[in-house]
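Some notes on the structure that comes next.
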Amino acid sequence: MSPLRPTLRLLFAGSLVALLGGCVIAGDVRPYPAMAPVAPIAAPTPQATAGAIYAAGPGLQLYSDRRARDVGDLLTITLTENTTAQTTANTTTAKESDLSIGTPTVFGAPVTLGGKDILSASAKGSRDFAGKGTSAQSNRLLGSVTVTVVQRLPNGNLVVQGAKNLRLNQGDELVQVQGIVRAADIFPDNTIPSSRVADARIVYGGRGPVAQSNAMGWLSRFFNSALTPF
Numbered sequence: 136m137s138p139l140r141p142t143l144r145l146l147f148a149g150s151l152v153a154l155l156g157g158c159v160i161a162g163d164v165r166p167y168p169a170m171a172p173v174a175p176i177a178a179p180t181p182q183a184t185a186g187a188i189y190a191a192g193p194g195l196q197l198y199s200d201r202r203a204r205d206v207g208d209l210l211t212i213t214l215t216e217n218t219t220a221q222t223t224a225n226t227t228t229a230k231e232s233d234l235s236i237g238t239p240t241v242f243g244a245p246v247t248l249g250g251k252d253i254l255s256a257s258a259k260g261s262r263d264f265a266g267k268g269t270s271a272q273s274n275r276l277l278g279s280v281t282v283t284v285v286q287r288l289p290n291g292n293l294v295v296q297g298a299k300n301l302r303l304n305q306g307d308e309l310v311q312v313q314g315i316v317r318a319a320d321i322f323p324d325n326t327i328p329s330s331r332v333a334d335a336r337i338v339y340g341g342r343g344p345v346a347q348s349n350a351m352g353w354l355s356r357f358f359n360s361a362l363t364p365f
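Add 135 to the 1-based position in the sequence shown for this note's numbering, that's all there is to it.
This is the structure in structure tokens:
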């Protein structure tokens, strides 16, 4: 045996381990879902009024609260999401068929061979199918995220967007929030519940050992997909 063969085997095994390790690392750095881009629109510059000492602008409001109202203002969204879904399906089908052909006759006499009917026939068939499926899902998300007003619509509604990234001992956690809020729904303490956010897009995800332990491997995903013949 050539002395190079064990070395080649070791190199091949090392390359395979490095390749598999690279696959594991690549699975841990999956990019977070990107939010729909919303270009911030600058607040309009107030026009100077001839003969007036003061001009209207987003400066100090002497007779109003400090709730978000202009582009660049901050707003805290209280996440109170509770969703529950349950689906049950039952399907049952059955079919039976029966076919019988009597013994034909020729000039009134049955056609036989050795005293036995040779042309009579009968057939029976039946099939049935029963299927049942049940699905139940429950999700709950509590917390708060401070977002930024990125656009003020002509009707006064505010387009908000923001994210919170937490780096914990067991990985990273990310919460992204985007949607449209009505200025009248904002509480005096400059907060608003997530149930009052229109066109809300709330994304919650994580990376790290905990997230990996809850993810199914690629081979398991294949056997649980529609591609498997079993």
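No residue lacks a Cβ here, since even glycine has one placed at the ideal position from N, Cα and C.
Inter-residue Cα distance where the pair is residue i and residue j
i, j, result
"GLN313", "GLN296", "4 Å"
"THR281", "ALA271", "32 Å"
"ALA203", "THR228", "60 Å"
"PRO289", "ILE337", "24 Å"
"GLY306", "TYR339", "14 Å"
"THR222", "GLY278", "28 Å"
"ILE327", "GLU308", "22 Å"
"ASP208", "GLY291", "14 Å"
"LYS299", "THR283", "12 Å"
"ARG262", "THR269", "24 Å"
"SER330", "PRO323", "17 Å"
"ILE236", "PHE264", "29 Å"
"ARG287", "THR211", "17 Å"
"ARG310", "LEU301", "Inspection of the sequence shows that residue 310 is occupied by Val rather than by Arg. Going from the Cα of VAL310 to the Cα of LEU301 covers about 9 Å."
"ALA224", "LYS259", "31 Å"
"GLY266", "LYS230", "15 Å"
"SER257", "THR226", "31 Å"
"ASN325", "ALA220", "32 Å"
"THR218", "VAL332", "16 Å"
"LYS251", "LEU234", "20 Å"
"ASP205", "VAL285", "9 Å"
"PRO245", "SER232", "26 Å"
"ASN274", "GLU216", "8 Å"
Extent of the continuous beta strand (DSSP E) to which residue i belongs
i, result
"PHE322", "Element bounds for PHE322: n/a, residue is neither H nor E."
"SER329", "Unbroken run through SER329: none, as it is neither H nor E."
"ASP307", "306-316"
Per DSSP, the bridge partner or partners of residue i
i, result
"VAL338", "GLN311"
"ALA298", "GLN311"
Whole-number beta carbon distance between residue j and residue i, since they are thought to touch under 8 Å
i, j, result
"ASP334", "ILE315", "5 Å"
"LEU303", "LEU214", "LEU303 to LEU214, Cβ: 18 Å. No contact."
"LEU293", "ALA318", "6 Å"
is_contact[residue i, chain D] using C-beta, thresh 7 Å
i, result
"ALA271", "Given the protein chain composition of this structure (a single chain), no chain D is represented."
**Message:** Just to confirm the assignment: which complete beta strand (DSSP E) runs, minimum length 3, are found wholly within the segment 209-294?
**Reply:** 209-236 and 256-287
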